[in-house]
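Asks: If you scroll down you'll find the structure; I have some questions about it.
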Amino acid sequence: MKNTKKEYSNGEVTVVYDSAICIHAGTCFKGLPTVFQPGTRPWIKMQGADTESIIKQVQKCPSRALSFYMNTPEEDEADKGPIKALETGKKVEVMTNGPLMVEGPITLVRSDGKREVMEDACYFCRCGASKNKPFCDGTHNDIGFKE
């Protein structure tokens, strides 16, 4: 099977492009044309913007054909101590013996296709017993849900 993924890095962040799932919406190059330049090779010019701008634009990719990961320090830098976690946008937290907390604002797409903007943090059921799915209603406490 052909590898459809290519990686582009500026040293701090690496952008991963998966051509197999790209829907060519144009969100990338319309939003950050100094970095995303279809028709040129390489088409992603990582020196065209700062790391934060690149990350913000990649997060807007509707198909998720664009993704990213933060590069870790070189081995000699890593020996100086633990690598600090890099916050890269919204936070998703698994609550101990409880729900999944997702920081807002987010767009919730329901199983029927209905879209709803959630401005604040959302708590999603993990135990399966909520009477208000997909949201947590605290039922996990009543049924003794444990991870």
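Residue numbers (the numbering used here): 203 to 349. For glycine and all other residues, C-beta sits at the position ideal for the given N, C-alpha and C. Computed from a predicted model, the values in this text were never measured in an experiment.
Does the distance between the C-beta of Gln259 and the nearest non-hydrogen atom of the ligand ZN fall short of 7 angstroms?
Replies: Absent from the structure shown: the ligand ZN. Ligands present: none.
Asks: Where does Met272 sit, in a helix, a strand or coil, going by DSSP?
Replies: The three-state reading of DSSP puts Met272 in strand, counting E and B together.
Asks: Looking at C-alpha atoms only, which residue of Asp314, Gly330, Thr309 and Arg328 is the closest neighbour of Asp322?
Replies: Thr309
Asks: Could you tell me how far apart the beta carbons of Leu234 and Ser255 are, in whole angstroms, since I believe they sit closer than 8 angstroms?
Replies: 6 angstroms
Asks: Is the beta carbon of Tyr325 closer than 8 angstroms to that of Pro301?
Replies: Contact: yes.
Asks: Could you tell me if Tyr271 is buried or exposed, where buried requires 16 or more neighbouring beta carbons within 10 angstroms of its beta carbon?
Replies: exposed
Asks: Counting C-beta neighbours from all protein chains within 10 Å, is the total for His226 16 or more, i.e. buried, or is it exposed?
Replies: exposed
Asks: If you measure between the beta carbons of Pro336 and Cys329, is that distance less than 8 angstroms?
Replies: no
Asks: What's the C-alpha gap between Asn205 and Lys348?
Replies: Those two C-alpha atoms are separated by around 40 angstroms.
Asks: Is it buried or exposed, Val311, if we count other Cβ atoms within 10 angstroms and call 16 or more buried?
Replies: Label assigned to Val311: exposed.
Asks: Shortest alpha-carbon distance to Asn343 belongs to which of Ser313, Met297, Val304 and Asp314?
Replies: Of the listed residues, the one whose Cα sits closest to Asn343 is Met297.
Asks: Please report the distance separating the alpha-carbon of Ile345 from that of Glu318.
Replies: Each residue's Cα considered, the two are about 29 angstroms apart.
Asks: Using three-state DSSP, classify Val260 as helix, strand or coil.
Replies: helix
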